[in-house]
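These protein sequence lines are chains G and R, in that order.
Number 1344 in our numbering belongs to position 155 of the first sequence; there are no gaps in the numbering.
Number 1354 in our numbering belongs to position 165 of the second sequence; there are no gaps in the numbering.
Below is one structure, written out as structure tokens; comments come after it.
Number of protein chains: 2
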Amino acid sequence: MATTRDLLVDTMKQLLWERGYDATSPNHVLERSGVGKGSFYHHFKSKKDLAIAAMESRADELIAEFEQIIRSTEGDWLDKVSAYLLLPRDALKGCRMGRIVQDPSVEDPALIAPLQRYFVAIHQGLSALYAKAQAEGKLQPECSPDGLATATVSVIQGSFVYGRAVVQAGVVTAACETFIGLLAVQRLN
Amino acid sequence: MATTRDLLVDTMKQLLWERGYDATSPNHVLERSGVGKGSFYHHFKSKKDLAIAAMESRADELIAEFEQIIRSTEGDWLDKVSAYLLLPRDALKGCRMGRIVQDPSVEDPALIAPLQRYFVAIHQGLSALYAKAQAEGKLQPECSPDGLATATVSVIQGSFVYGRAVVQAGVVTAACETFIGLLAVQRLN
DNA sequence: GTCTATAAGGCGATAGAC
DNA sequence: GTCTATCGCCTTATAGAC
């Protein structure tokens, strides 16, 4: 059953994706969810409080999605990374987490925390994958696993930014395909 | 001489970098610049109007910086791209243009225009460089110049996002160094 | 738990004097 | 060109009844 609290969290997740944190008001959440102002401040002590709950939920969801793709994709390290990089992503909509990072209010440590947790999880997952591939002699050892993971995350996030600026939804996939091409050269065996 | 108009534009450029578009109010600009409200609306018909002027000015500045680096750096295509990628960049401050892209109000075509002009200019400059290198047989022909340019811009922009999320100023340079490593393998001759 | 009413303050902008 | 006063609207809540 969808409790009022869950409804507020789900609605906030939508709006954080569409408009970020600063530009989303409690009133927007109330209008879209149909919940009343009294209920809002009964379940959450502030907009920030709700946003943190929404971001934690989104982080859980996206980390689980990442781990599922990496785990279940058949093949070697490049197949797994490629599967993740080629998930459908609309540059105009933005990344469901990365979208929020640039908001001025998100310098607040309490608001950064779930974002940081998300990005660290993805980064570590990729880094571990690259490290294992190098240990098995299947990936060139010149670039560090850490550096490769940072670049991988950055290509995805940056293509959202670039794609939105040039108003081309397909840019994320284009950037990721090129990056896969650069990684493919690093494959050994 | 610094006219009032110029002072407003320069102050808006600062604030757009620090807080983006939506979170910057005319009052912020007035407080920091010491200009009065009457002057503001004498020189500009709206906040949007001033922001566009500020973004156009910033685009000119950053495009000129890019072209100067590419032109004046000695060596081959990789030296030139590396020089651009390794410019000092503080992830916590954000890209002076890319910072603004995610603001909800910036879906407005009039506000996107200067951002688009900036990103297209950098993209085309890089793409031309890669195309020339391929034509001269100095760069592997597998990846398209267009794709490589998109990936290059994306790594820079995305590392600003990732770096801000994990609160590490040095991430942009780290990501760019790894990307240079991946490009280096593509060099011929 | 949910409702409606209210509040102080910021927002983007305008009016009209100087 | 610049100043101050004012505007209507929106924001993030809080109060107190039901």
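For glycine and all other residues, C-beta sits at the position ideal for the given N, C-alpha and C.
What you are looking at is a predicted structure, and each value in this text was computed from that prediction instead of being measured.
Item	Value
Beta-carbon proximity of Y1351 of chain R to V1344 of chain R, cut-off 7 Å	no
The stretch 1200–1210 of chain R / the stretch 1255–1273 of chain R touching (three or more Cβ pairs under 8 Å)	no
Among R:L1196, R:T1341, R:A1354, nearest to L1275 of chain R - alpha-carbon criterion	R:T1341
Pairwise C-alpha distance: Y1307 of chain R and L1219 of chain R	27 Å
Reference F1229 of chain R; option with closest CA among R:A1272, R:T1200, R:E1250, R:L1251	R:T1200
Three-state secondary structure (DSSP) of R1278 of chain G	coil
Interfacial residues, the stretch 1297–1328 of chain R to chain G, with Cβ spacing under 7 Å	I1301, L1304, Q1305, F1308, V1309
Residue environment, A1317 of chain G, which counts as buried when at least 16 other CB atoms sit within 10 Å	exposed
Residue-chain proximity (L1377 of chain R, chain G), Cβ-Cβ < 7 Å	no
Beta-carbon neighbours of D1379 of chain R, restricted to chain G and to distances below 8 Å	This structure cannot settle anything about residue 1379 of chain R, because the visible part of chain R is limited to 1190 through 1378.
Proximal residues to P1266 of chain R (C-beta, below 6 Å), its chain only, five neighbours per side dropped	What sits at residue 1266 of chain R in the sequence shown is Trp, not Pro. The residues are L1318, A1322.
Cβ of G1225 of chain R within 7 Å of any chain G Cβ	no
Length of the line joining the Cα atoms of A1280 of chain G and A1364 of chain G	11 Å
L1304 of chain G versus A1354 of chain R - alpha carbon distance	6 Å
Selection of the stretch 1346–1359 of chain G by Cβ proximity to chain R, strictly under 9 Å	Q1346, G1347, S1348, F1349, V1350, Y1351, G1352, R1353, A1354, V1355, V1356
Sequence-distant residues of the same chain with beta carbon closer than 7 Å to A1293 of chain R, five excluded per side	Reading off the sequence, residue 1293 of chain R comes out as Pro, not Ala. D1211, listed in sequence order.
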